[in-house]
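Below is one structure; the comments refer to it alone.
Numbering (my numbering), first residue to last: 1 to 448.
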């Protein structure tokens, strides 16, 4: 079990030259930890408490939350979403603002990904602290300061919003979460194998800030989760479930230490975000973010395998000049109503322009041996797939209804969601992205 007091709510001087900090007062993961809410409420003497949950999360954790507040002799109001599928968009943010009391001074969010993302945003706007009572180990945002929201049909990540005052994970609730939510959280953690390599790649090529200490923390968390997947998650063993939840909290802590989502999000998240946006445009809300991250992680491992082969075999890269007009036309076709945000980003940063591509490729070639060694540190894709099979986690696009077109578009165009360097941009810069996308699509579609 992690002693979170050693890592939270304090400045930690690091050899990377920065001070790391995660301003969360409490993280409690274990048995009967919701009881500690009574002490938290008494500690700060909150006067206007509001519980926000959805109709499912309040069923599984509401009784324990109500009991803790009764023990604290605390009055409260509540707003419970009745939606079958809750979407983290501007409409539901507005609904919370409409129903929450004017004088609310403490929010108890009961739920997982969507509830947490909505309340973090609302909490920052209201300057009102909140605690998240987790109902499933399903995603890595519990301890982060970012909220990925759907705004104007675009997946937008709002950064530096602020942290929950406390994160509470009662293992008796977490272990009884639906299987697909547990495997979603596991998939979200497995994605860190890819994003940590992406972060180092960006450091090598673009001299981006990089912290080995944060990386070590994240690898420890993801390796513990991998061990739990090999032995315990499928059986809902309490220690295994705690390992998953701790891995998810560490991901958020790593984001906070870094100041952005690099330690927890790479091309596997870009691909997953792309699929989420496309499914939402089609009215499908049922697939969890972590499930898509797990599938995208397998795809990313195939992409890196192809990138490795290219770097090992080829020495000269010739790329066609960037045709911005043709690219813009394709973005409008692929992204539909979300295209404006993508076009705006490229107009602002010009990440695809020829001079920037050439500059990055010069750096890639200068550090090619180091990049090859870095890619070789990634886990074997077959080992990853077997691990995911053990816990009944989807690992292929076809498992969740992702078509060939949606898969191919994600591999080629998901990188346009953010100005963030990784393997997809590397392949674009050397003129190989579409070729690799076609090869990886064929490889994934041959598997079962």
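Even glycine gets a Cβ: it sits at the ideal position worked out from N, Cα and C. If you're wondering where the values come from, they're calculated on a predicted model, not measured in any experiment.
Asked, Found
"4 or more residues per run - each alpha helix (DSSP H) lying fully within the segment 102-149", "113-126"
"Local conformation of residue 77 per DSSP, three classes", "strand"
"Buried or exposed by the 16-neighbour rule on C-beta atoms within 10 Å, applied to residue 54", "buried"
"Buried versus exposed call for residue 453 [16 or more other C-beta atoms within 10 Å across all chains shown]", "In the structure as shown, the chain starts at 1 and stops at 448, and residue 453 therefore has no counterpart that could be examined."
"Residue 258 versus residue 364: straight-line alpha-carbon distance, rounded", "24 angstroms"
"Of the residues 379, 279, 255 and 65, the one placed nearest residue 141, counting alpha carbons only", "255"
"Status (buried if at least 16 other CB within 10 Å, exposed otherwise) for residue 270", "buried"
"Segment limits, alpha helix (DSSP H) that includes residue 219", "212-230"
"Same chain only: Cβ atoms within 7 angstroms of residue 361, ignoring 5 sequence neighbours per side", "317, 429 and 430"
"Own chain partners of residue 202 with C-beta closer than 8 angstroms, once the 5 adjacent residues on each side are dropped", "208, 210, 262, 420, 421 and 422"
"Delimiting residues of the beta strand (DSSP E) encompassing residue 449", "This structure does not reach residue 449, given that the chain is present from 1 up to 448, and the question cannot be answered."
"DSSP beta-bridge partners of residue 329", "Partner(s): none; residue 329 has no beta bridge."
"Residue 194 to residue 187 span [Cα, whole Å]", "12 angstroms"
"Assumed close pair residue 33, residue 168 - CB separation to whole angstroms, cut-off 8 angstroms", "5 angstroms"
"Residue 413 versus residue 118: straight-line alpha-carbon distance, rounded", "27 angstroms"
"Cβ neighbours of residue 298 in the same chain (closer than 8 angstroms, five flanking residues each side left out)", "381, 384, 385, 388, 395, 396 and 444"
"Stretch-stretch touch, CB-based, cutoff 8 angstroms, three pairs: the segment 152-163 with the segment 217-232", "no"
"Straight-line Cα distance separating residue 132 from residue 46", "16 angstroms"
"Straight-line gap, residue 240 to residue 225 (C-alpha atoms, nearest Å)", "8 angstroms"
"According to DSSP, residues forming a beta bridge with residue 13", "19"
"Backbone CA spacing between residue 212 and residue 369 [nearest angstrom]", "20 angstroms"
"Cβ separation of residue 248 and residue 185, assumed to be a contact under 8 angstroms, to the nearest whole Å", "6 angstroms"
"Residue 30 - containing alpha helix (DSSP H), residue span", "Counting along the chain, residue 30 falls outside any alpha helix (DSSP H), though it belongs to the beta strand (DSSP E) covering 26-30."
"Cβ-Cβ distance between residue 136 and residue 26 below 8 angstroms", "no"
"Straight-line gap, residue 107 to residue 356 (C-alpha atoms, nearest Å)", "45 angstroms"
"DSSP three-state assignment for residue 39, whether helix, strand or coil", "helix"
"Test item: CB-CB of residue 85 and residue 273 under 8 angstroms", "no"
"Reduced DSSP category for residue 341 - H, G, I as helix; E, B as strand; rest coil", "helix"
"Contacts around residue 252, its chain only, beta-carbon distance under 7 angstroms, and the 5 residues preceding and following it disregarded", "140, 141, 142, 143 and 144"
"Assigned secondary structure, residue 254 (DSSP; H/G/I helix, E/B strand, else coil)", "helix"
"Cβ-Cβ distance between residue 268 and residue 336 below 8 angstroms", "no"
"DSSP beta-bridge partners of residue 290", "Answer is none; residue 290 lacks a bridge partner."
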